[in-house]
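With UniProt numbering applied, the first sequence has no gaps in its numbers, which climb one by one up to 322 at the end. Right, one structure below, let's go through it.
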Amino acid sequence: MRADRLVSLVLLLRRHGRLSAARLARELEVSTRTVLRDIEALSAAGVPVYAERGRHGGFALLPGFQTELTGLNHDEALALLVAGSRRGAQVFGLGSALASAMLKVADALPEGHRDIAAGAARRLLIEPETDLLSRRAPAEEVPDAVAAEIRRAVFAGHRLRIRYAAVDQAPKWRTVDPIGLVTARGQGYLLAARSGEDRTYRLSRVLAAEELDEPAERPDDVDLDRAWQERSTRFRTGGDQVVVLVRMNPARRKELVDTALAVLAEESDEDGRLRLEVSFQDARHAVWALWQLGVSAEALAPEWLRASLRDRAVAIAARYET
DNA sequence: GTATGGGTAGGTGGATCCAT
DNA sequence: ATGGATCCACCTACCCATAC
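Okay, structure coming up:
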């Protein structure tokens, strides 16, 4: 308890410069007497804290004194700020602990970089509640150089040229106004605007990226959580969704539900198997999800899905026959 | 017994006010 | 401009209470 308070005391002095014992006592929720004892302990431990007596006096640290409390480098501190900057108070009831940790992380950043880091943190969103697509796919690698270039443009507020390989299309260069970065279920996404229209790009499909000198056309502030939810909703309700009737082993229900967009109906057969009506983003998504379940599930409808799975199975069987 | 924390009292010293 | 009075904040030295 006391060690924790001593750390807090040093951080307070670092952040505010000079503080009176009374003010420190209020901040730390102890008596001034205890503050004086703590100051003495710090001094004995070699922390260069000194007292300015008289009116407007107080305690301060020698200029230039740097704590090495976290051992974090700039990027590590930024990563923690991003992770802790949203929904922090609800994190397993550890809101106050998180706030204290954030104070330490912010303190680890060099003077003048804190505002930049805070701005950068607002442009990153880690694992939001809603997903663009509930498909549980393996995390795809994004080359470091590409990711770093995109990140720089997002943070600096500069336009970005990306060579993007959209599904079933040849890669093309396009210039976008980056808004923020989101990760959901191991996938990274770039939220951007192109000619004023919202666009979402999957990072793993960005083959190359180039930060431009010109400023991006985007609002100064952004609520990434909300922006992501809006796009996610649009994505779910648009497109060529398909509805599939599945009969399956209940033990693998979760796998299917996790990958589907929504469960529309559900009932049990008399033999213990489940009958589910689920929706998928598109035909490819449905085929992929059912194929993953192998013989544990059978698509009863639509017929084209049964045909597609049958063709795949036949092709695989033919391959191994010889 | 030790660590921690609260309270009190008297002292010190810098800043400010104000009369001279 | 100067010096004394006053205010404010830290310094030091006690004592006591509580938890472990």
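No residue lacks a Cβ here, since even glycine has one placed at the ideal position from N, Cα and C.
DSSP three-state call for Arg275: helix, strand or coil? strand
The ligand MN and Asp225: does any heavy atom of the ligand fall closer than 6 Å to the residue's C-beta? Of ligands this structure carries none, so the ligand MN is not represented either.
Which whole runs of the beta strand (DSSP E) in the stretch 211-250 are 3 residues long or more, in chain order? At a cut-off of 3 residues, the continuous stretches assigned as beta strand (DSSP E) that sit fully inside the stretch 211-250 are 242-248.
Which residue's Cα is closest to the Cα of Leu11: Leu42, Val257 and Ser31? Leu42
Straight-line Cα distance separating Pro302 from Arg202: Rounded to the nearest angstrom, the gap between the Cα atoms of Arg202 and Pro302 is 29 Å.
Roughly how many angstroms lie between the CA atoms of Leu19 and Gly46, to the nearest whole one? 19 Å
Thinking just about the alpha-carbon of each residue, which of Arg37, Glu214, Arg273 and Val246 is nearest to the one in Leu264? Val246
Would Ala307 and Val278 qualify as a contact pair, given that the criterion is a beta-carbon distance under 7 Å? no
Assuming Leu300 and Ala286 make a contact with CB atoms under 8 Å, what is their CB distance in whole Å? In fact, because the Cβ distance is near 13 Å, the residues do not count as touching under 8 Å.
Bridge partner(s) assigned by DSSP for residue 323: There is simply no residue 323 to check, as the chain begins at 1 and stops at 322 in what is shown.
Per DSSP, what kind of secondary structure is Asp177 in: helix, strand or coil? Three-state result, Asp177: strand.
Could you give the first and the last residue of the continuous beta strand (DSSP E) run that contains Ser268? In the DSSP assignment, Ser268 falls within the unbroken beta strand (DSSP E) covering Ala262 to Ser268.
Could you check what DSSP says for Gln187 in three-state terms: helix, strand or coil? strand
On the three-state DSSP scale, how would you describe Ala170? coil
Applying the 10 Å Cβ sphere with the 16-neighbour rule, what's the burial state of Leu24? Leu24 comes out buried.
Could you say which of Phe280, Leu36 and Asn249 lies nearest to Glu267 if we only look at CA atoms? Asn249
DSSP on Arg253, reduced to helix/strand/coil? Looking at Arg253 - three-state DSSP - the assignment turns out to be helix.
So what does DSSP say about Asp198, is it helix, strand or coil? Correct three-state label for Asp198: strand.
So what's Arg18 in DSSP terms, helix, strand or just coil? coil
Where Gly180 falls, given that 16 or more other Cβ within 10 Å makes a residue buried: buried
My output table needs one value for Glu29: the three-state DSSP class, helix, strand or coil. coil
So for Val146, helix, strand or coil by DSSP? helix
So, for Thr130: in the same chain, excluding its five sequence neighbours on each side, which residues have a beta-carbon less than 6 Å away from its beta-carbon? Because the pLDDT at Thr130 is just 37, under 50, the model does not fix this residue reliably, and the point stays unresolved.
Straight-line CA distance for Asp144 to Gly58? 48 Å
For Arg87, count the other beta carbons within 10 Å of its own beta carbon; 16 or more makes it buried, fewer makes it exposed. Which is it? Low per-residue confidence applies at Arg87: pLDDT is 41, beneath 50, and the placement is therefore not dependable enough to give any value.
Spatial neighbours of His16 within its chain, please: CB distance less than 6 Å, with the 5 preceding and 5 following residues excluded, ordered by chain position. none
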